[in-house]
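Residue numbers (the numbering used here), protein chains in the order written: chain A, 18 to 202; chain B, 22 to 440.
Think of the CB as a built atom: it goes at the ideal place given N, C-alpha and C, for glycine as much as any other residue.
Being a predicted model, the structure only gives us computed values, none of them experimental.
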Amino acid sequence: MTVLWVVLAVVVVIILSVVGVFNSLVGLRNQVKNSWSQIEVQLKRRHDLIPNLIESVKGYVQHERGTLENLTKARSQAISAQTVGEKAKAEGVLSGALGRLMVSVENYPDLKANQNFLALQEELSSTENRIAFARQNYNDQVLAFNNKIQMFPSNLIANSFAFTKEEFFELEDKTEKEVPKVSFS
Amino acid sequence: MWELIQENKRKSIFLFIGMGLCLLLLGYLLGAAFFPPNGAISGVSIALIIWSVLSLVSFFSGDQILLATSGAKEISSDVHPQLFNIVEEMKIAANLPVMPKIYIMDEAAPNAFATGRSPERCAIAVTTGLLPRLNRDELQGVIAHEMSHVLNRDVLFMTFAGILLGCIVLISNMFFRGMWYSSGSSRRYRSGRSSDGGKGQALIFIFAIVFAILAPIAARLLYFAISRRREYLADASGARLTRYPEGLASALEKISSSDVELTSANQVTAPMYIVNPFKEKRMSFSSVLSTHPPIEERIKILKSMSGGASYVQYQKAYAAVTGKSSQLIPPSGLEDQKEIPVRKAVPEAPKPQSVKDQARAIGDLTRTIYDYTFLTCVCGLKIKVPPDFKKPKIVCPRCWHQMDNPFLKVAAPTSQTSS
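Next comes the structure, spelled out in structure tokens:
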């Protein structure tokens, strides 16, 4: 009779732990999805800041029409991108255009002293940081989730309920990682 | 790292129960020593009341009390946009659900602390002395360190430990004061009634004295030992969040090189700050009594992490610098197998370097948090108007130009902003 109770207790404990692991897997996967949308929130914030930036810069930088036009074009492309691949590419182009504008601003000392512009520059640089941290956080969540899926014993439960590995957000431009080749020929 | 969180939660519960028993014992002994034979019961009841009241108050409003006693004022994002942005960036990196509240303390000493039982409601406070001294990366390192304290539930645990320490100190003080005042009258009264329990009485009395002396000392030692490990872990977590250990390292250097004392810190709240607010001279025995690990060590460990910013790399640097092989980082942190590279420093616009400009910036910030408003005179002087200035005319101190006090008009919709 007592053997029956013991077996029952063991079964209950096993079921409870399976439920616990399953719930934590679901929780981690939702964290991954949440951090992905956080990246999109910060990207949208950057899109919204750019028109303001262009307005405040327009009066000062007479010779940079081309740079400003490129920036506007890149922004509208980034907003209209649909798939993840397109978005990643368009955001990379936008970062490049913004960087070029910031470099050209170095030649205009009155613009650099303008309070409005400085505040905008802080907001923009903060937005770039936020995008970077959002990607970093996304990768951290993916790491936690993948670890839980692959490590024993939660991998047993993960496999039985078909949890799949998530992808890391790698650098779009693989060439940034390459070591420059120096030749002395 | 979930082990840290679980450990802190578990220890908090143990501490809560253990503290209760300890206090009840103390109350029993003191009551029995003073007012036999029924004194034990009242001693226990008094201890119980003190424990419950202090626990409830500290658990539910501990962070408000701490913020109030340090003179911290909450600020909105337009008071200091850069600080707000830095905290929001760290909130994203740390995956916090809610933006923490930001407070500024009017203190010349550079320091910072964090409060909050859980990430859902936490607050970060920095001093006005900290803000102009640090650049963006350094400030971000400090904020990341403070946020890690909240994430690892250090604040929850330290609150309970602090209550325990406070209770024990309080009761011991009461005991010694009581002994001082009652030495004359009550002994005569007592000796008449307890003719048979003389020996047992003395024994309990001795126990009570010994306990009352040792308990505060033991509690302090325990408190400080716990808070030291937490500081290392918060450094490791902060470096990992920012991916830039150099930032926190140079911030600690700048903070420790300042000689100014923090006016509002005491022994219980000292562990909450990022750097020990008590500037002790270099004493060799200070390591056991100190609330923080030696700051040169913390800086060295962080600076030697050039290979990467993960927990594994912090553990290695810790072992290399201190020579101790104790496992600082719990196993879940060591699962950080993917190499985490250190990022580059963030370039930023140069700050006004002159001492006068820095002092002016601090002064303006302080006045903003105390609800001063700013008014520009025709001669160009920025007039700082106190919040309760109700005279109808404001006179410029430089050119004696008189103008109507715009803040008296109840219907005035616009507010003066500093230019």
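Tell me, please, which residues DSSP counts as bridged to residue i.
| i | result |
| --- | --- |
| residue 147/B | 125/B, 133/B |
| residue 93/B | 126/B |
| residue 294/B | 134/B |
| residue 425/B | 414/B |
| residue 142/B | 139/B |
| residue 404/B | 396/B |
Shortest alpha-carbon distance to residue i belongs to which of the options?
| i | options | result |
| --- | --- | --- |
| residue 193/B | 238/B, 334/B, 161/B, 263/B | 238/B |
| residue 313/B | 334/B, 345/B, 251/B | 251/B |
| residue 130/A | 103/A, 100/A, 80/A, 74/A | 74/A |
| residue 29/B | 162/B, 175/B, 166/B | 175/B |
| residue 83/A | 115/A, 44/A, 62/A | 115/A |
| residue 265/B | 331/B, 51/B, 191/B, 36/B | 331/B |
| residue 58/A | 144/A, 153/A, 165/A | 144/A |
| residue 63/A | 137/A, 180/A, 179/A | 137/A |
| residue 101/B | 152/B, 63/B, 53/B, 143/B | 152/B |
| residue 298/B | 318/B, 317/B, 277/B | 277/B |
| residue 45/A | 147/A, 163/A, 81/A | 163/A |
| residue 418/B | 65/B, 391/B, 384/B, 396/B | 396/B |
| residue 249/B | 349/B, 411/B, 285/B | 349/B |
| residue 49/A | 116/B, 46/B, 259/B | 116/B |
| residue 159/A | 182/A, 94/A, 173/A, 177/A | 182/A |
| residue 62/B | 71/B, 72/B, 51/B | 51/B |
| residue 279/B | 154/B, 400/B, 72/B, 105/B | 154/B |
| residue 126/B | 120/B, 391/B, 46/B | 391/B |
| residue 400/B | 420/B, 388/B, 415/B, 381/B | 420/B |
| residue 60/A | 178/A, 149/A, 169/A, 185/A | 149/A |
| residue 71/A | 122/A, 30/A, 54/A, 102/A | 122/A |
| residue 107/B | 79/B, 352/B, 426/B, 161/B | 161/B |
| residue 15/B | 426/B, 428/B, 31/B, 46/B | There is no way to answer for residue 15/B, as the model of chain B reaches only from 22 to 440. |
| residue 43/A | 76/A, 161/A, 187/A, 185/A | 161/A |
| residue 185/A | 172/A, 151/A, 176/A | 151/A |
If you follow the beta strand (DSSP E) that residue i is part of, which residue opens it and which one closes it?
| i | result |
| --- | --- |
| residue 397/B | 394–397 |
| residue 326/B | Here residue 326/B belongs to no beta strand (DSSP E), and DSSP marks it neither H nor E. |
Mind checking which residues open and close the alpha helix (DSSP H) that includes residue i?
| i | result |
| --- | --- |
| residue 165/A | 132–167 |
| residue 120/A | 101–122 |
| residue 64/A | 19–75 |
| residue 339/B | 332–343 |
| residue 109/B | 102–114 |
| residue 275/B | 266–277 |
| residue 120/B | That residue, residue 120/B, is in no alpha helix (DSSP H); it is neither H nor E in DSSP. |
| residue 90/A | 82–97 |
| residue 179/A | Careful: residue 179/A lies outside any alpha helix (DSSP H) and carries neither H nor E. |
| residue 161/B | 157–172 |
With the cut-off set at 8 Å, would you say residue i and residue j are in Cβ contact?
| i | j | result |
| --- | --- | --- |
| residue 145/B | residue 179/B | no |
| residue 149/B | residue 133/B | no |
| residue 271/B | residue 110/B | no |
| residue 17/A | residue 141/A | It is not possible to answer for residue 17/A, since the shown part of chain A is limited to 18 through 202. |
| residue 76/B | residue 37/B | yes |
| residue 92/A | residue 67/A | yes |
| residue 342/B | residue 325/B | yes |
| residue 154/A | residue 68/B | no |
| residue 173/B | residue 25/B | yes |
| residue 316/B | residue 296/B | yes |
| residue 95/B | residue 122/B | yes |
| residue 487/B | residue 34/B | No information on residue 487/B is available, as it lies outside the stretch 22 to 440 that chain B covers here. |
| residue 269/B | residue 163/B | yes |
| residue 169/A | residue 39/A | no |
| residue 111/A | residue 95/A | yes |
| residue 49/B | residue 93/B | no |
| residue 386/B | residue 411/B | no |
Run the proximity test for residue i: is its beta-carbon closer than 7 Å to any non-hydrogen atom belonging to the ligand NAD?
| i | result |
| --- | --- |
| residue 297/B | In the structure shown, the ligand NAD is absent, as is every other ligand, since no ligand is present at all. |
For the region 264–278 of chain B, which residues have a CB atom closer than 8 Å to at least one CB atom of chain A, in sequence order?
264
Give, in chain order, every residue of the region 152–180 of chain A whose Cβ lies closer than 9 Å to some Cβ of chain B.
153, 154, 156, 157, 158, 160, 161, 164, 168
What residues from the region 134–153 of chain B come within 8 Å of chain A, judged by C-beta to C-beta, listed N to C?
none
To be precise: take each residue of the region 109–124 of chain B, compare its Cβ to all Cβ atoms of chain A, and keep it if any distance is under 8 Å. Which residues remain?
109, 110, 111, 113, 114, 115, 116
Any C-beta of chain B within less than 8 Å: which residues of the region 72–98 of chain A qualify?
none
What residues in the region 123–139 of chain A bring their beta carbon closer than 9 Å to a beta carbon of chain B?
129, 132, 135, 136, 138, 139
For the region 77–104 of chain B, which residues have a beta carbon sitting closer than 9 Å to at least one beta carbon of chain A?
102, 103
Anything in the region 38–55 of chain A with a Cβ closer than 9 Å to a Cβ of chain B? List those residues in chain order, please.
48, 51, 52, 55
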